[in-house]
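Numbering (our numbering), first residue to last: 7 to 137.
The following block contains the structure:
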């Protein structure tokens with residue numbers, strides 16, 4: 007894992023990066039857009055390889071949850087892990103795959119709540135038509 011501390015980058019250069027990103031495929035565009043946003047905010051950038059592993063403590067911190075909750079997910083197999091001696095390790099690709107799934111599930115749930123009124127109105131109309 008490599009952390010790059012950002013130095014101030016002129017807005018014009020960040021704008022150029024964003025304009026180049028618009029011409030690229032989705033995944034690369036998202037990466038460069040995220041990079042540009044971090045540069046604007048002055049946040050550090052962390053590069054993590056696929057072969058990197060996380061301890062449960064670091065994984066829990068990255069996910070924003072307690073270690074206890076993370077251990078429950080590991081025990082259920084929701085997040086794959088392997089043992090190194092008596093300790094557990096979580097592959098970065100598995101951790102990021104979980105993050106993508108969790109974010110997709112959260113978006114889906116938010117959309118359901120947002121459309122809840124329309125769904126209810128549609129159900130009421132169908133029941134009224136049957137009566």
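Positions of the beta carbon are idealized from the N, C-alpha and C atoms, including for glycine.
Contact between the stretch 89-100 and the stretch 51-58 (3+ Cβ pairs under 8 Å): Note that the stretch 89-100 touches the stretch 51-58; at least 3 beta-carbon pairs, one per stretch, sit closer than 8 Å.
Beta-bridge pairing of residue 8 - partner residues as DSSP gives them: In the DSSP assignment, residue 8 forms a beta bridge with 53.
CB of residue 23 within 7 Å of CB of residue 49, strictly: no
Three-state secondary structure (DSSP) of residue 20: Three-state DSSP puts residue 20 in a helix.
Any non-hydrogen atom of the ligand COA closer than 6 Å to residue 81 Cβ: As for the ligand COA, it is missing from this structure, which has no ligand bound.
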